[in-house]
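Enquirer: What follows is a structure written as structure tokens; I'll ask about it next.
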Amino acid sequence: MKHVGILLVLLPLTAAVAEPDIRLTAVPPTEQVRQTGEVEGYSKIRIQLAKGETESYQLVVTAMLDNLRSVEAEAGEIEEASGNPFPSDAITWYREAYVPIRHSAPRAQLPPGLVPDPLVPFVDPYTGDPVRQPKWSGNHLEGSRFGGGRFDLWRSHHQPLWIDVHAPRDLPAGVYQGKVSVRAKGVEPVSMPIEIEVWDFELPEGPTHQNHFGPVSR
8 MKHVGILLVL LPLTAAVAEP DIRLTAVPPT EQVRQTGEVE GYSKIRIQLA KGETESYQLV
68 VTAMLDNLRS VEAEAGEIEE ASGNPFPSDA ITWYREAYVP IRHSAPRAQL PPGLVPDPLV
128 PFVDPYTGDP VRQPKWSGNH LEGSRFGGGR FDLWRSHHQP LWIDVHAPRD LPAGVYQGKV
188 SVRAKGVEPV SMPIEIEVWD FELPEGPTHQ NHFGPVSR
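Going from the sequence shown to our numbering is simple: count from 1 and add 7.
As structure tokens, then:
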């Protein structure tokens, strides 16, 4: 009598993870991000500041699968462990516009090309109105030369956003945590955690030392 052995090979079935339409990267404010290429950064925004101080960070939005339309960004509820909220009006968003640089200085860290420099606010600080993107009327551009929020982004391109975070002087010290989110027309929104640590001391109001600015000569 012959015995027939049957070997069963079980292969693990893993569901493919779909790549998101939008990728977010946290980048320190000292870095400049070009429109294309690799972006090195972090998966969380961490800011430390004193009361009365303003600190900044960059959130880089990347269009992964297709062009993005009407991109917007905002901060959600940011709270301390005891429930103290971080004021939403203490967070200001800017879009970094790109300007052409034809010649770089000898000590420049970036080659000539499109370089992010102007910070265009999402909201006009004087009128409170959104700073819209310029539109072509058929004869000329309507609106401002540079727009803030609700921007379009080409596939495989980056758009850095500048975030100013201000700690009011009466804000309780502590670690505030929440999320910032980015959404675009027709795609799933994405979010990134943000952590704001407010130290328990205040910056002095106004200068504390006398300054003298005299002529400069070689």
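Ideal Cβ positions, reconstructed from N, Cα and C, are used throughout, including at glycine.
1) Please go through the same chain and pick out, in chain order, the residues whose beta-carbon is closer than 8 Å to the beta-carbon of residue 110, but skip the five residues on each side of it.
2) I'd like to know if the segment 173-190 and the segment 77-91 are in contact, where contact means that at least 3 CB-CB pairs between them fall below 8 Å.
3) Check this for me: beta carbons of residue 205 and residue 66, under 8 Å apart or not?
4) Please classify residue 93 as buried or exposed, where buried requires at least 16 neighbouring CB atoms within 10 angstroms.
5) Given a threshold of 16 other Cβ atoms within 10 Å of its Cβ, counted over all protein chains shown, does residue 176 qualify as buried or as exposed?
6) If I measure Cβ to Cβ from residue 105 and keep anything under 7 Å in the same chain, skipping five residues before and after, which residues do I get?
7) Alpha carbon to alpha carbon, what distance is there between residue 153 and residue 142?
8) Between residue 191 and residue 53, is the Cβ-Cβ spacing less than 8 Å?
9) Within 10 Å of its beta-carbon, does residue 103 have 16 or more other beta-carbons around it, so buried, or fewer, so exposed?
10) DSSP puts residue 165 in a beta bridge; with which residues?
11) I need the straight-line Cα distance from residue 145 to residue 151, nearest angstrom please.
12) Counting only the same chain and skipping the five closest in sequence on each side, list residues whose C-beta sits under 6 Å from that of residue 162.
13) With a CB to CB cut of under 6 Å and the five nearest residues on each side skipped, what residues in its chain are close to residue 59?
14) With distances taken between CB atoms, is the gap from residue 181 to residue 79 smaller than 8 Å?
15) Is it buried or exposed for residue 220, if we count other Cβ within 10 angstroms and need 16 for buried?
16) Alpha carbon to alpha carbon, how far is residue 148 from residue 137?
17) Determine the direct distance from the alpha carbon of residue 172 to that of residue 99, and round the result to whole angstroms.
18) Just the C-alpha distance for residue 96 and residue 158, rounded to the nearest angstrom, thanks.
Expert: Put simply:
1) 119
2) yes
3) no
4) buried
5) exposed
6) 42, 121, 122 and 123
7) 10 Å
8) no
9) buried
10) 69
11) 16 Å
12) 70, 73 and 74
13) 176, 209 and 210
14) no
15) exposed
16) 17 Å
17) 7 Å
18) 22 Å
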